[in-house]
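Chains as they are written, first to last, in the numbering used here: chain A, 9 to 293; chain B, 9 to 293.
Rendered as structure tokens:
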């Protein structure tokens, strides 16, 4: 698997890189960002995945997420994938920011025309981890995952669908129950069809209702988030976790919106929370 | 002076805003960013100016500078102006990134066509401080200034030209001696003409040689900066400061480039350094 280095910059003592590779599952070149903290030669470091939200690429959180200072301190690799396939031959809905490029929703599309390239579930869960393992000083037995908005949905559903793969999962303003939100249901139907059982396998609340489990959850949500009531609705996740006895820390952050100002403010808390669960001595999982 | 609020977001406990106003000296609307940290009602807070480099607007350091966490902790207002006038009727050199829009060089142009709108010295030194004083909880007796590259040149020359106006001055990879660098001399000549005396009044090294003083200087410079030898040349500043007995802390930062990865890594050091010199108890100035 050949990796093309797009850029490298020393940052907070580590290296922030941007890379492109030919994705087999997506069938197009895919770009992603990796921060490698300062480390001893030969060391293998834990990995935190950050899945981004609608309209984003790998670059938004890389530019505005303010994760490098703390990741450098904690010795944590941060991987920031793109949110969809892009480029020549990739289906898109240019007038709809909730479908197509920038809106892959972390599922493997089965419906035309999306099924040709939109395989973000397999890409994030299987293909890109192999690329990371082969090219970076990563200990793939110590992975955690987080994300924002659509990427929060991605983090939650991937962790729920792959028990044990991630030592911990958190989210910033996730789409908790996308199959029942006007904001997200159309995209899920476009990619996966209308079968309820299929949709439930890609929805955090439904997955929990149907028996999927994670050890615990940390969710931050801004109270001034304009998508709170229509799209995000963390109280649905709270209710599902309560029913399922999943320990959930849901922090309603007064006055914060949906932007990277919200994410960057609480990024440090999430990184420290994950590292506590990624340490070799941790017996949480 | 009417201020139009372009955006407001809670961030690290404070508020990051973007504002537009009609600049009298530039003759066009100008946009700038201000971060106001959390504070007691009625408090008046010290101000740090960050002047940006070539091609930048107010937004680059706002997005990538990572100043808010520490500014919130320290109770410091951060003001990030644009780097030139822009818009209808403003002269530009669209094929030259070192002249015109995004390249105001913090001087008051005297030469046509630039003299109509390019008045960045008066804008930063006089007009925008009045706007800040009128609209924000700022203690204008406690201002400091920093900047990057062209903005480092701006910070140094403004501080040298206005003794006592800024309690402290620092810079990230400043253009130390712009009148002798191919990188910057053409723009200075375009704005100010070729008279050496005039040019020397807008050049940090020349100003120091000609007797201007600041109490001390903090400069960070990346060793992997591709503009180091042709454009920046901090050793010329080091030599001038040594001759003039100005205490200079010049830190050559191994492996860092010219990007915001370099700036964000050392931003915290600069904020803490300035705040130590902005505190009411400080007797340094």
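All residues carry an ideal CB built from backbone N, CA and C; glycine is no exception.
Residues bridged to residue i by DSSP?
{"i": "residue 127 (chain B)", "result": "B:116"}
{"i": "residue 57 (chain B)", "result": "B:87, B:153"}
{"i": "residue 259 (chain B)", "result": "B:228"}
{"i": "residue 13 (chain A)", "result": "A:27"}
{"i": "residue 111 (chain B)", "result": "B:108"}
Under a CB-based cut-off of 9 Å, is residue i close to chain A?
{"i": "residue 232 (chain B)", "result": "yes"}
{"i": "residue 77 (chain B)", "result": "yes"}
{"i": "residue 65 (chain B)", "result": "no"}
{"i": "residue 74 (chain B)", "result": "yes"}
{"i": "residue 170 (chain B)", "result": "no"}
{"i": "residue 24 (chain B)", "result": "yes"}
{"i": "residue 20 (chain B)", "result": "yes"}
{"i": "residue 293 (chain B)", "result": "Its pLDDT being 42, under 50, residue 293 (chain B) is placed unreliably in this model, and the value from its coordinates should be taken loosely. It does not; no Cβ of chain A falls within 9 Å."}
Let me know the secondary structure DSSP gives residue i once reduced to three states.
{"i": "residue 155 (chain A)", "result": "strand"}
{"i": "residue 160 (chain A)", "result": "helix"}
{"i": "residue 22 (chain B)", "result": "strand"}
{"i": "residue 211 (chain B)", "result": "coil"}
{"i": "residue 103 (chain B)", "result": "coil"}
{"i": "residue 146 (chain A)", "result": "strand"}
{"i": "residue 96 (chain B)", "result": "coil"}
{"i": "residue 121 (chain A)", "result": "coil"}
{"i": "residue 273 (chain B)", "result": "helix"}
{"i": "residue 285 (chain B)", "result": "helix"}
{"i": "residue 51 (chain A)", "result": "coil"}
{"i": "residue 32 (chain B)", "result": "coil"}
{"i": "residue 279 (chain B)", "result": "helix"}
{"i": "residue 234 (chain B)", "result": "coil"}
{"i": "residue 221 (chain A)", "result": "coil"}
{"i": "residue 76 (chain B)", "result": "helix"}
{"i": "residue 241 (chain A)", "result": "coil"}
{"i": "residue 268 (chain A)", "result": "helix"}
{"i": "residue 216 (chain A)", "result": "helix"}
{"i": "residue 291 (chain B)", "result": "Residue placement at residue 291 (chain B) cannot be trusted, given a pLDDT of 46 that sits under 50; what the coordinates show is reported in the next sentence. Residue 291 (chain B): coil per DSSP, three-state reduction."}
{"i": "residue 65 (chain A)", "result": "coil"}
{"i": "residue 203 (chain A)", "result": "coil"}
{"i": "residue 132 (chain B)", "result": "helix"}
{"i": "residue 71 (chain A)", "result": "helix"}
{"i": "residue 175 (chain B)", "result": "coil"}
Residue range of the beta strand (DSSP E) that residue i falls in?
{"i": "residue 88 (chain A)", "result": "85-89"}
{"i": "residue 44 (chain B)", "result": "37-44"}
{"i": "residue 180 (chain A)", "result": "178-180"}
If you follow the alpha helix (DSSP H) that residue i is part of, which residue opens it and which one closes it?
{"i": "residue 198 (chain A)", "result": "193-200"}
{"i": "residue 137 (chain B)", "result": "136-143"}
{"i": "residue 185 (chain B)", "result": "Looking at the DSSP string, residue 185 (chain B) is not in any alpha helix (DSSP H), and its letter there is neither H nor E."}
Check whether the Cβ of residue i lies closer than 9 Å to any Cβ atom in chain B.
{"i": "residue 304 (chain A)", "result": "The shown model of chain A, from 9 to 293, leaves out residue 304 (chain A), and the question about it has no answer."}
{"i": "residue 81 (chain A)", "result": "no"}
{"i": "residue 17 (chain A)", "result": "yes"}
{"i": "residue 71 (chain A)", "result": "yes"}
Name, going along the chain, the residues of the segment 255-279 of chain B whose beta-carbon falls closer than 9 Å to a beta-carbon of chain A. Listed in sequence order: 261, 262, 263, 264, 265, 267, 268, 269, 270, 272, 273, 276.
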